[in-house]
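Going by the working numbering, 120 is the number at position 116 of the first sequence; the sequence numbering is gapless.
Every residue, glycine too, gets a C-beta built ideally from N, C-alpha and C.
Predicted model only: the values in this text are computed from it and were never measured.
Structure first, then comments.
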Amino acid sequence: MPELPEVERARALIAAGGLNRRIAAVADRDSYVCRPHAPGEIEAALVGRRLLSANRIGKTMWFETDDDGPDLGLHLGMAGRIAIDEPPAENAGWDRFALHFEDGGRLVLRDKRRLGRAVLEPDLSGLGPDAAEATRAEFRDRVGRGTAPLKARIMDQSVLAGVGNLLADETLWRAGLAPLRPAGALAPEELDGLRRALRAAIRDAVRRGGVHTGRLIPERRWGGRCPACGTELRRATVGGRTTWWCPEEQT
DNA sequence: ACCTATGTTGATAC
DNA sequence: GGTATCAACATAGG
Numbered sequence: 005m006p007e008l009p010e011v012e013r014a015r016a017l018i019a020a021g022g023l024n025r026r027i028a029a030v031a032d033r034d035s036y037v038c039r040p041h042a043p044g045e046i047e048a049a050l051v052g053r054r055l056l057s058a059n060r061i062g063k064t065m066w067f068e069t070d071d072d073g074p075d076l077g078l079h080l081g082m083a084g085r086i087a088i089d090e091p092p093a094e095n096a097g098w099d100r101f102a103l104h105f106e107d108g109g110r111l112v113l114r115d116k117r118r119l120g121r122a123v124l125e126p127d128l129s130g131l132g133p134d135a136a137e138a139t140r141a142e143f144r145d146r147v148g149r150g151t152a153p154l155k156a157r158i159m160d161q162s163v164l165a166g167v168g169n170l171l172a173d174e175t176l177w178r179a180g181l182a183p184l185r186p187a188g189a190l191a192p193e194e195l196d197g198l199r200r201a202l203r204a205a206i207r208d209a210v211r212r213g214g215v216h217t218g219r220l221i222p223e224r225r226w227g228g229r230c231p232a233c234g235t236e237l238r239r240a241t242v243g244g245r246t247t248w249w250c251p252e253e254q255t
């Protein structure tokens, strides 16, 4: 489920319950999740330290550590979530990475799909500004260019960080913009409206628990209808992802 | 059994 | 450089 809203909730969870606890051991044996680190490498770097801060840009989280230790980066991938001081997963194999604290508790990256990621000193240089933080000028400049479909543009993490497939559909629906419009053809006022719709969609999703609480999302299925006008939604692949939109209201 | 689908990204080719 | 496609992973469902 993890798009920006889910990751923000995960970050807040860690900020509230994962900081300032001394790390006694690290379960970093999944060499795919922890690539390019060798097993034991993350552990060696973090044992004895504490997480000091919980930060996020888009879908990437990172944590500073004390005593000049390296930052720890976490990404939830396609199905990851954070569990703090919870019992082990029903399938123990789904716990892909964990910090074990001296106090007996633990912070776990729980992920059926194994596309989550744990890494030291994460490289954030390829990310655009956070989708909820981009200024109006920044947004106009970065989103309003290129020939790619608008939806592909806003999902490009180097353009804007944090928008995934569901949030993109929800946002474009709220903004009344068709996903296939070439991004560079939008008027400045349309870009401003898109930014407003995006910020509102993010705010609502964070408050209500995730992108799946969006108004359009339950209708993303065959026979689904526009929540506003009742028109049957159209489906196509845009930017490589399944896309649903209202052909009547999104132009 | 086989096919499709799924919130992620990253590598590759044009 | 921008854009498009496929692959990585593992699971669920028709």
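Through-space distance from residue j to residue i, alpha-carbon basis
i      : j      : result
Ile86  : Ala141 : 34 Å
Asn24  : Arg53  : 9 Å
Ala172 : Arg245 : 10 Å
Asp196 : Ile61  : 21 Å
Phe67  : Glu7   : 19 Å
Arg238 : Leu55  : 46 Å
Arg146 : Leu198 : 13 Å
Terminal residues of the alpha helix (DSSP H) in which residue i lies
i      : result
Trp249 : Not the alpha helix (DSSP H): Trp249 falls in the beta strand (DSSP E), residues Arg245 to Trp249.
Glu10  : Leu8 to Gly21
Thr69  : Thr69 -> not in any alpha helix (DSSP H); beta strand (DSSP E) instead, spanning Thr64 to Thr69.
Asp99  : Unbroken run through Asp99 is the beta strand (DSSP E), Asp99 to Phe105; no alpha helix (DSSP H).
Thr175 : Asn169 to Ala179
Nonlocal neighbours in the same chain, by C-beta distance under 7 Å from residue i, ignoring five residues either side
i      : result
Pro133 : Glu142, Leu164 and Ala165
Thr117 : It is worth fixing the name first, because residue 117 is Arg in this sequence and not Thr. Same-chain partners within the cutoff: Gly81, Met82 and Ala83.
Arg203 : Ala136
Residue i and residue j closer than 9 Å at C-beta
i      : j      : result
Ile18  : Met65  : yes
Arg219 : Glu174 : yes
Ala187 : Ile158 : yes
Gly168 : Arg13  : no
Gly77  : Glu125 : yes
Own chain partners of residue i with C-beta closer than 6 Å, once the 5 adjacent residues on each side are dropped
i     : result
Gly21 : Ile88
Run of the beta strand (DSSP E) containing residue i, from where it starts to where it stops
i     : result
Ala29 : Ile27 to Ala31
Close beta carbons around residue i, own chain, < 8 Å, minus the five adjacent residues each side
i     : result
Asp32 : Cys38, His41, Pro43, Gly44, Glu45, Ile46, Glu47, Phe101 and Ala122
heavy atom of the ligand FAD below 8 Å from residue i C-beta
i     : result
Pro92 : The ligand content of the structure shown is nil, which means the ligand FAD is not present either.
In the segment 187-214, which residue ranges form an unbroken alpha helix (DSSP H) of at least 4 residues, counting only runs that do not cross its ends? 192-212
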